[in-house]
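Chemist: Under our numbering, the sequence shown is numbered contiguously, ending at residue 182.
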Amino acid sequence: MNRRDFLLLTAAVTLAAPAPARAAGGIPYTPGAVDRALAEGKTVFLDFTASWCGTCRAQARVIAALRAENPAYDAITFIDVDWDSYARAEITRRLNVPRRSTLIALKGDRELGRIVAGTGRAEIKALLDAALAAAQG
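1. What does lysine 152 pair with, by DSSP beta-bridge criteria?
2. Is arginine 145 buried or exposed, if buried means 16 or more other CB atoms sit within 10 Å of its CB?
3. Count the other CB atoms within 10 Å of the CB of threonine 94; is the residue buried (16 or more) or exposed (fewer)?
4. Whose C-beta lies closer than 6 angstroms to the C-beta of arginine 67 among residues of the same chain, with five residues either side of it excluded?
5. Return yes when the Cβ of aspartate 80 is within less than 8 angstroms of the Cβ of leucine 148, no when it is not.
6. To which residues does DSSP link proline 73 through a beta bridge?
7. Taking the C-alpha atoms as reference points, what is the distance between glycine 70 and alanine 109?
8. Of the residues Ser130, Thr122 and Arg166, which one's Cα is nearest the Cα of alanine 84?
9. Per DSSP, what kind of secondary structure is valine 79 in: helix, strand or coil?
10. Alpha helix (DSSP H) containing arginine 133: first to last residue?
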């Protein structure tokens, strides 16, 4: 294989590789983002995710489908926390997050619920519904 063919093939493979999906389709976490959103009275849905995590990808598919079916979920502030960057961060320790693929709904100083490594549609919908009720209430 000559250099030109190698470069073309490399470019094609790079472009064809899917970008890692954001599980909740939310904004990327930055330090202080959760506290600011909660202080503004928002309901926050945290997704502790990793691009290489199969469970995280399964959760992402369920969340994306549920959000597509119910636009009312847009009342929730979705924040994706990259596990590789923030596994040892203050937010992770404060919320006692045991691992990636953890989903947590918050409102004010209250945790509305959490799912650790669960991918079931019904349980994720129940957590989203609890967050939505808090956001609307």
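The beta-carbon is built from N, C-alpha and C at its ideal position, and this holds for glycine as well. Please read all numbers here as calculations on a predicted model, not as lab measurements.
Modeler: So, from the data block:
1. According to DSSP, which records beta bridges pairwise, lysine 152 is partnered with Thr88 and Arg155.
2. Looking at its Cβ environment, which holds 16 or more other Cβ atoms inside 10 Å, arginine 145 is buried.
3. Its Cβ being crowded by 16 or more others within 10 Å, threonine 94 is buried.
4. Residue confidence for arginine 67 is low, a pLDDT of 45 falling below 50, so the modelled location carries little weight and cannot support an answer.
5. Not a contact, by the Cβ cut-off of 8 angstroms.
6. DSSP lists Asp125 as partners of proline 73.
7. Between glycine 70 and alanine 109, the C-alpha separation is close to 7 angstroms.
8. Closest option to alanine 84, Cα to Cα, is Thr122.
9. If DSSP states are grouped into helix, strand and coil, valine 79 belongs with the helices.
10. Here arginine 133 belongs to no alpha helix (DSSP H), and DSSP marks it neither H nor E.
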